[in-house]
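For the first sequence, position 350 matches number 353 in the numbering used here, and the numbering has no gaps at all. Even for Gly, the Cβ is constructed at its ideal location relative to N, Cα and C. Bear in mind the structure is a predicted one, so any value in this text is a computation, not a measurement. Okay, structure first, notes after.
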Amino acid sequence: MKQLLEHLIIQALTSAHENGLVTSPAFPDFVIEVPKNISHGDYSSNIAMVSAAIQKISPRKIAESIIRHIQDTQGVIDHVDIAGPGFINFYLRPESWIRFLKRVPELGSRYGSENIGNGKKIQVEFVSSNPTGPLHVGHGRGAAVGDSVSNILSFCGYDVQKEYYINDSGRQINTLGRSVFLRYQELLGESVRFPDDCYQGDYIRDIAGRIMDMKGPDLLDQPDEKAVMFCARYAADLILEDMKQDLESFGVFFDRWFSEQGLYDSGKVADVIESFRNRNIIYEKDGALWFDTTSHGDEKDRVVVRNNGQTTYFASDIAYHYDKYDRGFEKVIDVWGADHHGYIPRVTAAIVSGGYRKEQFQVVLVQLVSLLRAGIPVAMSTRAGEFVTLRDVIQEVGRDAARFIFLTRSSDNTLEFDLELAKQKTNDNPVYYVQYVHARICSIVRKSTEMGISVIVPDDAALCLLNTPEDIALIKMMIKYPEIVRSSAELLEPHRITFYLMELAASFHAYYNRQRVLTDDIPLTLARLYLMKAVRQVIANGLSLLGVSAPESM
RNA sequence: GCGCCUGUAGCUCAGAUGGAUAGAGCAACGGACUUCUAAUCCGUAGGUCGGGGGUUCGAAUCCCUCCAGGCGCGCCA
């Protein structure tokens, strides 16, 4: 609809120029929007105001010239007026909405999709939690955001790959091994001092116990280093399996699990260091190797190989990101916890040094989650190993509620996740508010099937009966959906879908309480059933982008 | 000290690309089920958009500055 009006405006201004009514054929950026106030028409444009400076004519005069030259060949406009400082307000004929309503069933589950990706290969990397402990709520938020962003991009024509980067190398894996081995020794009756820098959680004991069951005391016969290595690998594998399970029960499936260790094994980290050394981008200072990130805006250069010969995470991160581009991704999106924001400049610098464009890399920062129970903060201490895991949360509040709530805030904002609220099946908990729409419509459709009328498609004359303010409000809401999806994809902001769905749900519930669908009036009933099915489709489409189910009954 | 994020109704938050009288939910108050699911709806009340400057026809939105809160500033991960 907006495109249509835009076309009419451009045409009108052009012919106004041909007739000498305006001085310039130029078009500044102008917008067509749905006014907040319904008395300002169905659509409104600021074209006259933004053109005033170029035309050197008053906005109202420009507006008049434009209106006079509008050629509404399709007959969608009822009337147009000029208001305020020079807004052009369009009032549409009620029938005009129908052609747009028809798009919903025509496109079905594809309704709302705008092809902005054009098959471009894009990768979204998210969660990527170290396999040293269970996933917690913060990871849950990252998972919900990353998965939804992937869904949205994929829906908009991108060829999306979802990837999880496993930090299965380096010191923290060694620490994991040490932690497990110490608990293992404890189980065998040895008195050990358990250091603060080891992982404190009970799951470490569980893993040690499993190794006990499997190996008995055999590990003690080996050199410590070997035993620790064994514990590390065993524990990491186990924890990783658990994380996979948790994510699956959260409805999140990755296309690839990428091992950091693999980058070392294949020599890719060494290759990167070697080639940048030759180009003096990596240089030696104080016995360490440094990457020149300063030339690309970082505040200082960063170490890639320490003076003890060990590589830093940054080294493998560089190799990892190059590997992504080598695999043909035109764009790479990383979803990170906001506490990692300081890494953006150095990773960006490394990517640019590698000959890629800055725009090919984008980070979605997700702010932290604070967990509450009935308004009271839940104590979370990773050090003491006391925390509520993602698994606990899914078990307690359910997958749908958890995912939906994670997406009810902009990622830029911290999120309060209240377990009691999330469990409640009331209006406080918007997930049910939205799902209830789907269930209610399914119920109506079931009823109509019993009456034997659901299969008949109404003709245009019948659809014109959808003319109450509630009908029009619903249809307008649905016409808006593709724009919401688009902005959500362009800005990588899934919460826009969430808020839209809540708004659409509100329109539906208002409709439901005011208008009856199944009546004795057959054409009207058919038309309204048609409308209801469209609403159901849009709700289902939106929920699927969020990774939330659309139940047929509740 | 520097960088990033945040500051909008009592509470939790929307308001991308500057638009007309700043919105929603919760909480408060008053109403609506012999009807397709009341997990619902309707109404009332509630505001110095953190403060102060600036840009312009027009600012919650852009710029500067100050204030408050969170996070980050390692040859840690």
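Check                                                                                                                                                                         : Outcome
Exposed or buried, residue 145, counting other C-beta atoms within 10 Å across all chains shown (16 or more means buried)?                                                    : buried
Start and end of the alpha helix (DSSP H) containing residue 82?                                                                                                              : No alpha helix (DSSP H) holds residue 82; the beta strand (DSSP E) holding it covers 80-86.
Looking at residue 558: is its Cβ nearer than 8 Å to the Cβ of residue 304?                                                                                                   : The structure shown has nothing for residue 558, since the chain only spans 4 to 557.
Rounded to a whole number of angstroms, what is the C-alpha to C-alpha distance between residue 182 and residue 215?                                                          : 14 Å
Note the first and the last residue of the continuous beta strand (DSSP E) segment covering residue 365.                                                                      : 364-369
Use the C-beta contact count for residue 544: other C-beta atoms within 10 angstroms, 16 or more gives buried, fewer gives exposed.                                           : buried
Here's the rule I'm using: 16 or more other beta-carbon atoms within 10 Å means buried, otherwise exposed. How should residue 35 be labelled?                                 : buried
With C-beta atoms as the reference, is residue 408 less than 8 Å away from residue 520?                                                                                       : no
Can at least three beta-carbon pairs, one atom from the stretch 440-455 and one from the stretch 417-426, be found at a separation below 8 Å?                                 : no
Strictly by DSSP, which residues pair up with residue 305?                                                                                                                    : 294
Taking only three categories from DSSP, how would you classify residue 510?                                                                                                   : helix
For residue 147, count neighbouring C-beta atoms within 10 Å of its own C-beta (all shown protein chains included) and say buried if the count is 16 or more, exposed if not. : buried
Just how far apart, CA to CA, sit residue 107 and residue 507?                                                                                                                : 14 Å
Please list, in chain order, all residues of the same chain as residue 62 whose beta carbon is under 8 Å from its beta carbon, the five residues on each side excluded.       : 51, 52, 54, 55, 88 and 89
Just reading off the alpha helix (DSSP H) that residue 186 is part of, what are its end residues?                                                                             : 174-190
According to DSSP, which residues form a beta bridge with residue 165?                                                                                                        : 127
List the endpoints of the continuous beta strand (DSSP E) containing residue 373.                                                                                             : 372-376
Return the residue from the list 538, 474 and 374 that minimises the CA-CA distance to residue 140.                                                                           : 374
Answer with buried or exposed for residue 464, where buried requires no fewer than 16 other C-beta atoms within 10 angstroms of its C-beta.                                   : exposed
Can you find the residues in the same chain that come closer than 8 Å, C-beta to C-beta, to residue 33, ignoring five residues on each side of it along the sequence?         : 12, 48, 49, 50, 53 and 54
Suppose the cutoff is 7 Å on Cβ atoms and the five residues either side in sequence are ignored; what does the same chain contact list for residue 179 look like?             : 135, 202, 235, 238 and 239
Quick check on the burial criterion: 16 or more other C-beta atoms within 10 angstroms. Buried or exposed for residue 165?                                                    : buried
List the residues that DSSP assigns as beta-bridge partners of residue 44.                                                                                                    : According to DSSP, which records beta bridges pairwise, residue 44 is partnered with nothing at all.
Which of the three DSSP states is assigned to residue 419 in this structure?                                                                                                  : strand
Looking only at its chain, what residues have a beta carbon closer than 6 Å to the beta carbon of residue 58, apart from the 5 residues adjacent to it on each side?          : 25, 26, 27 and 65
Please look up how many angstroms separate the CB atoms of residue 372 and residue 338, rounded, as I've assumed it's under 8 Å.                                              : No, residue 372 and residue 338 are not in contact; Cβ-Cβ is about 14 Å, not under 8 Å.
Smallest Cα separation from residue 461: which of 485, 406 and 524?                                                                                                           : 524
Please say whether residue 8 and residue 46 have beta carbons closer to each other than 8 Å?                                                                                  : yes
Measuring alpha carbon to alpha carbon, tell me which of 133, 168, 393 and 267 ends up nearest residue 260.                                                                   : 168
What would DSSP say about residue 158, mapped onto helix, strand or coil?                                                                                                     : helix
Please state if the CB of residue 129 and the CB of residue 111 are separated by a distance shorter than 8 Å.                                                                 : no
Please report the straight-line C-alpha distance between residue 452 and residue 512, rounded to a whole angstrom.                                                            : 22 Å
Can you check which of these residues, 493, 274, 300 and 197, is closest to residue 158 by C-alpha distance?                                                                  : 493
Rank 553, 404 and 414 by C-alpha distance to the C-alpha of residue 3 and give the top, closest one.                                                                          : The shown model of the chain, from 4 to 557, leaves out residue 3, and the question about it has no answer.
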